[in-house]
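In order, the protein sequences belong to chains A and B. The working numbering puts the first residue of the first sequence at 140, with every later residue one more than the last. The working numbering puts the first residue of the second sequence at 30, with every later residue one more than the last. Below is one structure, written out as structure tokens; the observations come after it.
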Amino acid sequence: MRSEGSATDNSQPVLECRDLRKSFGELTAVDGVSFHIAAGETYGLLGPNGAGKTTSISMAVGLMRRDGGQVLLDGEPLDPGTTSLKAKIGLVPQDLAIYPDLTARENLRFFGRLYDMPRTELRSRVDEVLEIIGLSDRADDRADTFSGGMKRRLNIGIGLLHAPRLLVLDEPTVGVDPQSRNAILESIEQLGSEGLAVLYTTHYMEEAERLCDRIGIIDRGQLKAEGTRRELAQIVREHDRVRLSASGSLHTGAEAIEGIAGVQQVDIVDGGIDVLVEQAGNSLMAMLSALDEAGVSITGVEIDEPNLEAVFLHLTGRSLRD
Amino acid sequence: MKALAIAASNLHRFARERSNVFFVLILPMLLILVLGSVFGRGFEPRVGLVAPGTGDLTTALVDGLEAHEEFAVHRHTDRDTVVGAVERGELEAGLIVPPDYDDAIRAGDTVEIDFIARAGQDSLSIRRTIDALLAEQMALPRIAAFVAREGEIPYDQALAQAAAVAGETAGVQVESTVAGESFIGRRSWGQFDLGAQQQLMLFMFLTSLAGSAALVQTRRLGIARRMFATPTTVRTILLGEGLGRFGVALVQGVYIMLGTMVIFGVRWGDSLSALLIVAAFGLVGSGAAMLMGALFSNDQQAAPVGVFLGLGTAALGGCMLPLYVMELFAPAVWTAAHVMPHAWALDAFEVLALRDGGVGDVLPFLGILLGYAAGFYVVAIWRLRSVLTR
């Protein structure tokens with residue numbers, strides 16, 4: 140998980156979406172969605188399939204006409220017809236939007252030309268991106284000979300090619316094996332730390348928790364809640380759960396930590412003590428000192444932070460997997 | 030420039046597929062060769078000839094028959110073979126010249142030549158031609174026989190004198206002119222000319238429609254939308270996609286034109302006009318491909334439907350049955366054929382190849398073809414624009 144507070148909340152947003160609305164006939168796909176992303180921030184749109192994530196980002200990147208609302212990119216309004224601003228965006232669609240009968244290098248070059256990249260710059264940048272996505276040794280192989288994970292990486296590489304201000308990734312790990320998935324997530328973490336603004340949609344809670352500085356929970360076209368994971372957890376009054384594996388006088392130990400600030404509940408369980416605490420990070424050292432003074436020997440510590448699944452369930456009344 | 034990049038990508042992908050090279054470059058030439066060889070010569074009656082004699086008169090008769098342009102002479106050694114071949118339809122007629130042909134004429138006797146034929150218009154026509162040839166050939170021997178008898182000089186000497194006199198005497202020459210749009214007047218197509226024009230139209234359209242699957246694939250894979258997410262307008266994307274398909278059609282059209290000119294000696298008429306027709310028809314084909322690419326959402330369906338439509342429209346448009354045959358035997362079908370752009374393109378080529386037409390003569394046809402192309406493109410662009418941005 141990324142460190143709390145790394146988002147540059149006070150800076151000029153790279154992307155600002157205000158009250159986005161879109162309907163398809165009778166179906167309201169997006170209903171008043173607003174969010175913003177600052178430079179260096181990774182913002183996650185978390186919601187189940189059909190929640191309105193893809194429709195929202197399609198409007199956010201100027202791919203789709205809106206029924207209502209406004210999109211600002213670096214403070215300038217962005218519409219489907221606003222061509223020049225799109226050079227600041229790198230889109231990684233959920234579909235594998237690559238030519239299967241072209242090589243990885245040819246795919247990158249083709250899209251590089253659409254971004255108006257000069258030939259010499261494009262040539263060197265293609266090599267750089269191939270290196271980043273780990274496809275240098277397969278650069279001249281056709282994409283249809285690649286594994287699913289390699290295709291996904293090429294799909295991401297195209298979005299990175301022109302060094303965009305905003306990288307938009309729409310469920311980039313769908314259908315990818317765990318090893319490739321981990322490689323993709325590491326790449327995105329690296330990009331976020333390099334100052335890129337990242338908009339990331341997923342229905343995988345773990346990905347949102349690992350990558351995103353802030354998360355918007357979207358369901359049935361509406362943004363139900365938004366904030367850091369901790370802020371979201373506080374909305375539903377979720378607390379950290381600390382599991383202390385210990386030996387010695389567990390009852391004495393439990394009494395010693397009950398009075399520590401932030402501790403909400405202490406339970407003695409088989410082989411240890413379970414503590415419900417507002418923020419584990421703030422109280423853990425005090426708890427460990429108290430237990431030491433009480434003569435309890437600690438053999439292990441496990442911290443369960445608030446679970447976005449529980450938050451989603453609380454907000455929507457259904458599971459992310461539904 | 031971006032449109033050219035999109036077009037170049039299309040051409041690159043098209044050229045990379047080996048089966049495309051066969052269907053675009055090799056198959057059309059093979060078909061033109063086969064169709065030209067089988068049908069391109071037109072109908073030439075075959076006459077079987079048995080002429081065992083070796084005399085000058087027999088030789089002159091055989092040479093005269095063989096030199097005739099209205100039928101082909103096939104030499105045989107016996108009557109039964111010729112009769113059998115005529116019965117089986119392998120020969121349209123047979124002619125049996127007796128072994129004593131020379132001696133009988135020199136003796137002033139009547140010579141019987143056996144003419145064998147099946148009932149029909151062809152045999153009567155051949156018979157009239159042979160009668161005329163024999164009458165012409167018998168003129169000198171008859172004069173020679175008369176001179177030899179009256180002048181009491183040897184027959185060969187009389188024949189030589191008659192030949193000398195015939196060479197000094199002015200004859201009557203009949204010059205034929207065919208007026209109007211007759212079937213006979215159109216027979217000046219070269220062996221491969223019409224087939225090449227038909228195959229050019231058929232394959233340009235067929236390749237374009239089959240290629241619409243690539244556009245459907247570009248849409249289905251989300252590549253078209255990804256292009257739209259770059260700083261590229263919908264207009265540029267559609268222009269690039271259209272240019273790519275037009276490029277394939279144009280390359281194929283020019284290749285077939287040049288290839289058939291060099292290999293088969295096909296006459297396309299005025300080069301600039303022919304190129305303009307190919308370019309206009311390329312726009313029609315690429316427009317139709319764009320329309321199909323806009324309407325279909327599954328490339329697995331688009332490819333076979335494209336082939337079916339390509340062949341069907343070509344058949345109706347005069348690429349399988351010549352338009353002049355339709356006009357002669359089924360005017361309603363000829364009218365229906367002109368619903369297809371192929372028919373207008375073929376008409377334009379006929380003006381170039383048979384009437385030595387130029388750009389001015391084919392302008393109306395070019396206008397019609399461009400009208401088809403504009404219609405296809407307008408609907409396709411409207412549809413694709415809404416698909417990409419909705």
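Glycine included, each C-beta is placed from N, C-alpha and C at the ideal position. These figures come from a predicted structure and were not determined experimentally.
- Inclusion of A/Leu383 and A/Ile437 in the CB contact set at 9 Å is warranted, their separation being smaller than that value.
- Judged by beta-carbon spacing, B/Met321 lies within the 9 Å limit of B/Ser241, meaning their Cβ atoms are closer than that value.
- Between the alpha carbons of A/Gly366 and B/Gly316 lies a gap of roughly 51 Å.
- Within the segment 143-229 of chain A, the beta strand (DSSP E) runs of at least 3 residues that lie entirely inside it are, in chain order, 152-163, 166-177, 181-185 and 207-212.
- The segment 187-205 of chain A makes contact with the segment 148-163 of chain A, as at least three CB pairs between them are under 8 Å.
- Not flagged as an interface residue toward chain A: B/Ser66, since no C-beta distance is shorter than 9 Å.
- In the three-state scheme derived from DSSP, where H, G and I count as helix and E and B as strand, A/Ile272 is classed as coil.
- The C-alpha of A/Gly288 lies about 36 Å from the C-alpha of A/Asp206.
- In the three-state DSSP reduction, A/Gln403 falls in the strand class (E or B).
- The C-beta of B/Gln246 has 16 or more other C-beta atoms within 10 Å across all chains shown, which makes the residue buried.
- Of the other Cβ atoms in all chains shown, fewer than 16 fall within 10 Å of the Cβ of B/Thr83; this residue is therefore exposed.
- Looking at B/Val313, B/Gln329, B/Ile252 and B/Glu356, the one whose alpha-carbon comes closest to that of B/Ile35 is B/Ile252.
- CA-CA distance, B/Ala374 to B/Ala365, rounds to 15 Å.
- Judged by DSSP in its simplified three-state form, A/Glu365 adopts strand.
- When secondary structure is reduced to three states using DSSP, A/Arg380 falls in the strand class.
- Restricted to the segment 72-120 of chain B, the beta strand (DSSP E) segments that are unbroken, complete and at least 3 residues in length are 75-79 and 101-105, listed in chain order.
- Close CB contacts of A/Asn188 within its chain, under the 8 Å cut and outside five residues either way in sequence, are with His342 (chain order).
- Here A/Arg262 is exposed. Its C-beta has fewer than 16 other C-beta atoms within 10 Å.
- Beta-carbon to beta-carbon, B/Ala191 and B/Leu162 are separated by about 18 Å, too far to satisfy the 8 Å threshold.
- Here the segment 300-307 of chain A makes contact with the segment 226-233 of chain A; the two share three or more CB pairs at distances below 8 Å.
- Apart from sequence neighbours up to five positions away, the residues of its chain that approach A/Thr193 with a beta-carbon distance below 6 Å are Asp309, ordered along the chain.
- At a cut-off of 9 Å, the C-beta of A/Val200 has a neighbouring C-beta in chain B.
- Within chain B, the residues whose beta carbon sits less than 8 Å from that of A/Tyr254 are Thr259 and Pro260, listed in sequence order.
- Pairwise C-beta distances place the segment 422-442 of chain A in contact with the segment 395-414 of chain A, as three or more of them are shorter than 8 Å.
- For B/Asp328, the secondary structure class from DSSP, reduced to helix, strand or coil, is helix.
- Taking a beta-carbon distance threshold of 9 Å, A/Leu235 counts as an interface residue toward chain B.
- Contact between A/Gly214 and A/Ala336 fails: their C-beta atoms lie close to 13 Å from each other, not under 8 Å.
- Using a Cβ distance threshold of 9 Å, A/Leu185 and A/Gly355 count as a contacting pair.
- For B/Thr364, no chain A residue has a Cβ inside 8 Å of its Cβ, as the nearest lies near 43 Å away.
- B/Gly65 and B/Arg248 have their alpha carbons spaced roughly 41 Å apart.
- When the alpha-carbon of B/Asn49 is set against those of B/Val76, B/Ala278 and B/Met256, the nearest one is in B/Ala278.
- Contact with chain B is found for A/Tyr238, since one of that chain's Cβ atoms lies less than 9 Å from the residue's Cβ.
- Only residues of its own chain outside the window of five on either side were considered, and among them Leu375 and Phe378 have a CB closer than 7 Å to the CB of B/Gln226, listed in chain order.
- Residues of the segment 244-256 of chain B with a C-beta less than 9 Å from any C-beta of chain A: Gln246, Thr247, Arg249, Leu250, Gly251, Ile252, Ala253, Arg254, Arg255 and Met256, listed in chain order.
- For A/Gly401 against A/Ala385, the beta-carbon gap comes to about 19 Å, at or over 8 Å, which does not count as contact.
- DSSP, read as helix, strand or coil, puts B/Gly294 in coil.
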